[in-house]
Amino acid sequence: MQIELTINNKAVKRDVGSDEFLADTLRSHGLLSVKKACDTSCCGLCTVWIDNKPVLSCSILSVRAHGKKITTIEGLPKEAEEFARILSAEGAEQCGFCSPGFIMSVLAMKNELVNPTEEEIIHYLTGNLCRCTGYMGQLRAIKTYLGVA
């Protein structure tokens with residue numbers, strides 16, 4: 001079946017199977033930042049925005065995204081680079097496998113939360129898993145990026 005999407009501000013028509021997940025559709029479209037790792041919808045590696053809200057693209061059938069605006073990290077290069085520089089400065093970058101989904105969540109958090117507490121930041125990121133860090137460097141980077149103490 002054919003669906004129409006706006007992916008990173010570009011209108012796209014795609015033929016998809018009725019059981020195809022959005023993560024697979026995006027990857028087949030060349031958006032390789034969207035990853036699948038856990039197959040249980042709990043690692044956050046597949047995080048993209050649908051209509052500016054973060055979602056797990058491995059849990060959404062592509063047909064459900066018909067007519068929607070999809071944003072991946074490729075569509076936010078300036079914002080992603082700004083946060084990535086802060087991650088690096090805080091010593092929080094590691095292998096990078098989880099970075100695209102994690103960064104998409106942090107960018108969404110910046111758009112949604114005003115002056116969040118540490119507890120609110122941690123709660124917002126529940127489900128974004130990183131196997132390389134202890135999260136403290138990432139938390140410092142997020143606080144710096146959001147301008148909170």
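Quick note on numbering: UniProt numbering labels position 82 of the sequence shown as 82, and the sequence is numbered without any gaps.
C-beta atoms are modelled at their ideal positions from N, C-alpha and C, and glycine is treated no differently.
In this structure, isoleucine 103 and phenylalanine 83 form a Cβ contact; the two beta carbons are roughly 6 angstroms apart against a cut-off of 8 angstroms. Counting along the chain, the unbroken beta strand (DSSP E) around leucine 5 starts and ends at 2-7. Per DSSP, the beta-bridge partners of proline 54 are Trp49. Taking a C-beta distance under 8 angstroms as the contact criterion, isoleucine 7 and histidine 29 qualify as a contact pair. Nearest to lysine 68 by alpha-carbon distance, out of Ile3, Ile142 and Leu146, is Ile3.
Around the beta-carbon of asparagine 128, 16 or more other beta-carbon atoms lie within 10 Å, marking it buried.
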